[in-house]
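Here the protein sequences come in this chain order: F and D. For what it's worth, numbering that gives the first Met the number 0 labels the leading residue of the first sequence as 0, then goes sequentially. For what it's worth, numbering that gives the first Met the number 0 labels the leading residue of the second sequence as 0, then goes sequentially. Here a beta-carbon is modelled for each residue, glycine too, at the ideal position from N, C-alpha and C. Fair warning: this is a prediction, and the values are worked out from it, not measured in the lab. Some notes on the structure that comes next.
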Amino acid sequence: MEMKVKKKQLLRFMTYLGVIVITIIWLIPIVSAVFISFKTEREIMYGGVWAIPKTLHLESYTQVWSEVQQYFINSIIITVPAAIFSVLIACLGAYALARKQFKGNGLILIFFLSGMMIPYYVLIVPVFRLMRSMGLHNTYLAQILTNISFGMPICIFMLRNFFATIPFELEDAARVDGCSELGILLKIVIPLAMPAVVTLMGFQFIWIWNSLIWGLALTSGKSAQPIMVGILRLKGAHAIAWNLQCAGALISIILPLCVFLILQKSLFRALAMASGVKG
Amino acid sequence: MQRTRLIKVLPFLLLPLLVYVAIEVFTIVDMFHLSFQEWKSGVFHYIGLSWYKEIFQDRYVRIATLNTVKWTSISVVWAIIVPFGIALLLNQGLKGENFFKAVFIIPQGIAYTAAGLMWATIYSPDVGILNITLKKLGLGNFARPWLGDPNVAIYCLIFVKIWIRTGFYMMVYLTGLQALPKEVLDAARVDGANAWHRLFHMIIPMMKMIFVIVITLDFIESFKTFDIVFATTRGGPGASTEVLGTRIYKAAFQHWELGYSCAIATVLFLTTMVITAVYLHILMKGKKY
Numbered sequence: 000m001e002m003k004v005k006k007k008q009l010l011r012f013m014t015y016l017g018v019i020v021i022t023i024i025w026l027i028p029i030v031s032a033v034f035i036s037f038k039t040e041r042e043i044m045y046g047g048v049w050a051i052p053k054t055l056h057l058e059s060y061t062q063v064w065s066e067v068q069q070y071f072i073n074s075i076i077i078t079v080p081a082a083i084f085s086v087l088i089a090c091l092g093a094y095a096l097a098r099k100q101f102k103g104n105g106l107i108l109i110f111f112l113s114g115m116m117i118p119y120y121v122l123i124v125p126v127f128r129l130m131r132s133m134g135l136h137n138t139y140l141a142q143i144l145t146n147i148s149f150g151m152p153i154c155i156f157m158l159r160n161f162f163a164t165i166p167f168e169l170e171d172a173a174r175v176d177g178c179s180e181l182g183i184l185l186k187i188v189i190p191l192a193m194p195a196v197v198t199l200m201g202f203q204f205i206w207i208w209n210s211l212i213w214g215l216a217l218t219s220g221k222s223a224q225p226i227m228v229g230i231l232r233l234k235g236a237h238a239i240a241w242n243l244q245c246a247g248a249l250i251s252i253i254l255p256l257c258v259f260l261i262l263q264k265s266l267f268r269a270l271a272m273a274s275g276v277k278g
Numbered sequence: 000m001q002r003t004r005l006i007k008v009l010p011f012l013l014l015p016l017l018v019y020v021a022i023e024v025f026t027i028v029d030m031f032h033l034s035f036q037e038w039k040s041g042v043f044h045y046i047g048l049s050w051y052k053e054i055f056q057d058r059y060v061r062i063a064t065l066n067t068v069k070w071t072s073i074s075v076v077w078a079i080i081v082p083f084g085i086a087l088l089l090n091q092g093l094k095g096e097n098f099f100k101a102v103f104i105i106p107q108g109i110a111y112t113a114a115g116l117m118w119a120t121i122y123s124p125d126v127g128i129l130n131i132t133l134k135k136l137g138l139g140n141f142a143r144p145w146l147g148d149p150n151v152a153i154y155c156l157i158f159v160k161i162w163i164r165t166g167f168y169m170m171v172y173l174t175g176l177q178a179l180p181k182e183v184l185d186a187a188r189v190d191g192a193n194a195w196h197r198l199f200h201m202i203i204p205m206m207k208m209i210f211v212i213v214i215t216l217d218f219i220e221s222f223k224t225f226d227i228v229f230a231t232t233r234g235g236p237g238a239s240t241e242v243l244g245t246r247i248y249k250a251a252f253q254h255w256e257l258g259y260s261c262a263i264a265t266v267l268f269l270t271t272m273v274i275t276a277v278y279l280h281i282l283m284k285g286k287k288y
């Protein structure tokens, strides 16, 4: 009996040990980036990275911020409208696909969904050519439009799954009261699916903000380049300034990371639903 | 669900279809079209299948393909084993469970590009944490310029991706584990089935579909690899970390062989579509049970 208890305790101890070791490894990159970003280049060279910074040097941040400020603003101008409009436009299609049965429903859905598997970089040349031919190269608009278009598959997929869970009785009642189809979408379906709609907008924000490819392919200057391209520029400007690189990386992730931490609970509920993990 | 005629729902479908077709679908067609052409001094000329023949002789495409396959296989095998293992550990009601979960979840909010820069610091030869720690532990022999060494650079980059994605798969597995029928597992325990038996003969088979989903998601994600490599090594040293994404990018915007870039892209696109079809087939079959 005592053996069994001891064995169980040992197992428990090993479990904790395992989890703690992996956790520490997982924390290192963030902790080290934060440490380094608060040090000067001299400190990194002579004090080593492990030493806890004695004084908080904010120089890297002020220097990096003055360099990436423009990119940061560009990213906001591109990402916010792209996230909002991709979800709003997808709401229309998702409503039809989730709540109406018509000939071609399945086909149209598959047509949209097949766009989800495509690695975006296979289309850099034709998208570059399209935007150039419309005179939109190196503009915000090119990146906003591209991100909205490429967001359709995932947004329609997610929203369709949410809309399908809303009971039909409410809708029927509204229809009896003479509500139009658009009215039903705007007054019943979207308000009921509001948490999902907002969550999806948040995730579109994160995905678009974090993506690099369109910023590279569709721009050629600081006036329209997003932050992810901007932080790569930091690397080129100074031979190897690790403190600047880390400060830049941290500045670039702060907004999407905040959105992510707020939304992550609903993400996993949504993903569980969408991927069919539950039900 | 209400039966309707297509014409009645068309107003709802029109805008999303238009937005989707005007850029994404249109450019897919244009990619096919451009893959038969050569771009010279500002104009495209039709050159037939030449680019496709070129692909098979291109050493860099071969290396990029091999690296993408390597990247995908390592990443998928990891996604099957490690996040599932962590999920099993965290599913035992540990103290501080939420803290541990948070640690694994946070990296997912971090862009590949930014993560690449953060990890490049860790891998750096003279000031990087990795080398400094190895030297302190008396393992100085293993210290090396991690991203500058053609033999290990690609593995270092794969780990960046793994660092970001592990938490996501762990959460998917946890959702699955928590949805398992407790009564059945408890009954098996009472009947004397030990932990290993319950794991391999009950839990894993019951979670089959979740494994299929994780494998597919990671497969797609691995094919999309571009940002991490571009942000760190840009395919170097030599071509040791070249992946299909960087190869297509370089063909387009460094060598300005736009048609060739589209030809490689077309082959990759078709491969992705075939894999997708197979996946959908498996998924449909799985739903029947």
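Inset, instruction - Tell me, please, whether the region 150-162 of chain F touches the region 104-114 of chain F by the rule of three or more beta-carbon pairs shorter than 8 Å. - result: Short answer: they touch.
Inset, instruction - Just the C-alpha distance for residue 253 of chain D and residue 143 of chain F, rounded to the nearest angstrom, thanks. - result: The residue you call residue 253 of chain D lines up with position 254 of the second sequence. The residue you call residue 143 of chain F lines up with position 144 of the first sequence. The C-alpha of residue 253 of chain D lies about 25 Å from the C-alpha of residue 143 of chain F.
Inset, instruction - Could you name the residues of chain D that residue 12 of chain F contacts, counting a contact when the two beta carbons are closer than 8 Å? - result: Mapped onto the first sequence, residue 12 of chain F falls at position 13. Those within 8 Å of residue 12 of chain F in chain D number zero; the least Cβ separation is about 11 Å.
Inset, instruction - Below 7 Å CB to CB, which residues in the same chain sit around residue 278 of chain F once its five sequence neighbours on both sides are set aside? - result: Walking along the first sequence from the start, residue 278 of chain F turns up at place 279. Its pLDDT being 34, under 50, residue 278 of chain F is placed unreliably in this model, and the coordinates cannot settle the point.
Inset, instruction - Under 8 Å Cβ to Cβ from residue 93 of chain D, same chain only, skipping five residues before and after it: list those, please. - result: Sequence index remark: in the second sequence, residue 93 of chain D carries index 94 (1-based). Within the same chain, residue 93 of chain D has close Cβ partners 99.
Inset, instruction - Within 10 angstroms of the Cβ of residue 54 of chain F, are there 16 or more other Cβ atoms? Answer buried if so, exposed if not. - result: Here residue 54 of chain F refers to the residue found at position 55 of the first sequence. With a 10 Å radius around the Cβ and a threshold of 16 neighbouring Cβ atoms, residue 54 of chain F comes out exposed.
Legend entry - Inter-stretch contact at 8 Å, needing at least 3 Cβ pairs: the region 124-135 of chain F / the region 44-54 of chain D: When C-beta atoms of the region 124-135 of chain F are compared with those of the region 44-54 of chain D, fewer than three pairs fall below 8 Å, so the two segments do not count as touching.
Legend entry - Chain-ordered neighbours of residue 63 of chain D on chain F, where CB pairs are closer than 8 Å: In the second sequence, the residue the question calls residue 63 of chain D occupies position 64. Under the 8 Å cutoff, chain F gives no residues; its nearest Cβ is about 12 Å from residue 63 of chain D.
Legend entry - Secondary structure of residue 56 of chain F, DSSP reduced to three states: Here residue 56 of chain F corresponds to residue number 57 of the first sequence, with the count starting at 1. Reduced to three states, the DSSP call for residue 56 of chain F is coil.
Legend entry - the region 245-264 of chain D in contact with the region 83-95 of chain F per 3-pair CB rule at 8 Å: Per the Cβ contact rule, the region 245-264 of chain D is not in contact with the region 83-95 of chain F (fewer than 3 Cβ pairs under 8 Å).
Inset, instruction - Under 9 Å between beta-carbons, which chain F residues line up against residue 226 of chain D? List them in chain order, please. - result: Start at 1 with the first residue of the second sequence, and residue 226 of chain D comes out as number 227. Here the neighbours are 209, 210, 211, 212, 227.
Legend entry - Where residue 38 of chain D sits in the DSSP three-state scheme: Against the second sequence, residue 38 of chain D aligns to sequence position 39. Three-state result, residue 38 of chain D: strand.
Legend entry - Residue-chain proximity (residue 64 of chain F, chain D), Cβ-Cβ < 8 Å: Locating residue 64 of chain F in the first sequence gives position 65, where the first residue counts as 1. Residue 64 of chain F is outside the set of residues whose beta carbon lies under 8 Å from a beta carbon in chain D.
Legend entry - Three-way DSSP call (helix, strand, coil) for residue 100 of chain D in this model: Start at 1 with the first residue of the second sequence, and residue 100 of chain D comes out as number 101. Three-state DSSP puts residue 100 of chain D in a helix.
Inset, instruction - Output, in chain order, the set of chain F residues within a Cβ distance shorter than 7 Å of residue 15 of chain D. - result: Here residue 15 of chain D refers to the residue found at position 16 of the second sequence. Residues of chain F with a Cβ closer than 7 Å to the Cβ of residue 15 of chain D are, in chain order, 88, 89, 91, 92, 151, 155.
Legend entry - Cutoff 8 Å: residue 116 of chain F Cβ touching any chain D Cβ: Stepping through the first sequence from its first residue, residue 116 of chain F is reached at position 117. Yes, residue 116 of chain F lies at the interface with chain D (some Cβ there is under 8 Å from its Cβ).
Inset, instruction - Out of F:146, F:255, F:207, F:253, point me to the one whose CA is closest to residue 21 of chain D's CA. - result: Within the second sequence, residue 21 of chain D is the residue found at index 22, counting from 1. Closest by C-alpha distance to residue 21 of chain D, out of F:146, F:255, F:207, F:253, is F:146.
Legend entry - Residue-chain proximity (residue 128 of chain F, chain D), Cβ-Cβ < 8 Å: The residue you call residue 128 of chain F lines up with position 129 of the first sequence. Output row for residue 128 of chain F: interface = yes.
Inset, instruction - Run the CB neighbour count on residue 33 of chain D, radius 10 Å, all protein chains shown included, and call it buried at 16 or more, exposed below. - result: What you label residue 33 of chain D is simply residue 34 of the second sequence in a count that begins at 1. When all chains shown are included, residue 33 of chain D counts as buried.
Inset, instruction - Please classify residue 257 of chain F: is it buried, with 16 or more other beta-carbons within 10 angstroms of its beta-carbon, or exposed? - result: Position 258 of the first sequence, counted from the first residue, corresponds to residue 257 of chain F. Residue 257 of chain F should be labelled exposed.
Inset, instruction - Using three-state DSSP, classify residue 91 of chain D as helix, strand or coil. - result: Reading the second sequence from its first residue, position 92 is the one you call residue 91 of chain D. In the displayed model, residue 91 of chain D falls within coil according to three-state DSSP, outside both helix and strand.
Legend entry - Status (buried if at least 16 other CB within 10 Å, exposed otherwise) for residue 241 of chain F: Position 242 of the first sequence holds residue 241 of chain F. Residue environment for residue 241 of chain F: buried (at least 16 other C-beta atoms within 10 angstroms of its C-beta).
Inset, instruction - Using beta-carbon positions only, say whether residue 164 of chain F and residue 223 of chain F come within less than 8 Å of one another. - result: Position 165 of the first sequence holds residue 164 of chain F. Position 224 of the first sequence holds residue 223 of chain F. Here residue 164 of chain F is not near residue 223 of chain F, since their CB atoms are 8 Å or more apart.
Legend entry - Whole runs of the alpha helix (DSSP H) within the region 79-104 of chain F, excluding any shorter than 4 residues: Complete alpha helix (DSSP H) runs here, min 4: none at all.
Legend entry - Contact under 8 Å by Cβ, residue 239 of chain D with residue 74 of chain D: The sequence position of residue 239 of chain D within the second sequence is 240, counting from 1. The sequence position of residue 74 of chain D within the second sequence is 75, counting from 1. Contact annotation: residue 239 of chain D and residue 74 of chain D have beta-carbon atoms that are not nearer than 8 Å.
Inset, instruction - Check the Cβ-Cβ distances between residue 178 of chain F and every residue of chain D, and say whether any is below 8 Å. - result: By one-based count along the first sequence, residue 178 of chain F stands at place 179. Residue 178 of chain F does not count as touching chain D.
Inset, instruction - Starting from residue 162 of chain F, follow its DSSP beta bridges and name the residues at the other end. - result: Taking the first sequence and counting its residues from 1, the one referred to as residue 162 of chain F is at position 163. BP columns for residue 162 of chain F are empty, so no partner.
Inset, instruction - Sort D:38, D:64, D:215, D:234 by Cα distance to residue 297 of chain D and report the nearest one. - result: For residue 297 of chain D there is no data in the structure shown, the boundaries of chain D being 0 and 288.
Inset, instruction - Would you list the one or two residues that DSSP bridges to residue 44 of chain D? - result: Here the question's residue 44 of chain D lines up with position 45 in the second sequence. Answer is D:37, bridged to residue 44 of chain D.
Inset, instruction - On a CA-only basis, which of F:71, F:85, F:214 is nearest residue 16 of chain D? Give me that one, please. - result: Counting from 1 along the second sequence, the entry for residue 16 of chain D is found at position 17. Comparing Cα-Cα distances from residue 16 of chain D to each of F:71, F:85, F:214, the minimum goes to F:85.
Inset, instruction - Decide yes or no for the touch test of the region 4-22 of chain F against the region 76-90 of chain D: beta carbon pairs closer than 8 Å, at least 3 of them. - result: Judged by Cβ distances under 8 Å, the region 4-22 of chain F makes contact with the region 76-90 of chain D, as three or more pairs qualify.
Legend entry - Chain-ordered chain D contacts of residue 144 of chain F [CB-CB under 7 Å]: Numbered from 1 along the first sequence, position 145 holds the residue referred to as residue 144 of chain F. Chain-order list of chain D residues neighbouring residue 144 of chain F: 22, by C-beta distance under 7 Å.
Inset, instruction - Could you say if the region 245-257 of chain F and the region 98-105 of chain F meet the contact criterion of at least three C-beta pairs nearer than 8 Å? - result: No: the two stretches stay apart, fewer than three of their Cβ pairs being nearer than 8 Å.
Inset, instruction - Check the Cβ of residue 173 of chain F against every Cβ in chain D and list those closer than 8 Å, keeping chain order. - result: Within the first sequence, the letter at position 174 stands for residue 173 of chain F. Taking a Cβ-Cβ cut-off of 8 Å, residue 173 of chain F has no neighbours in chain D, whose nearest Cβ is about 13 Å from it.
Inset, instruction - Please report how far the alpha carbon of residue 275 of chain F lies from the alpha carbon of residue 84 of chain D, in whole angstroms. - result: Mapped onto the first sequence, residue 275 of chain F falls at position 276. Mapped onto the second sequence, residue 84 of chain D falls at position 85. Bear in mind that the predicted position of residue 275 of chain F carries a pLDDT of just 49, short of 50, making it too unreliable to give a figure here.
Inset, instruction - Can you give me the Cβ contacts of residue 249 of chain F inside the same chain, cut-off strictly under 8 Å, excluding the 5 residues immediately before and after it? - result: For this step, residue 249 of chain F is matched to residue 250 along the first sequence. Correct list, in chain order: 32, 33, 36.
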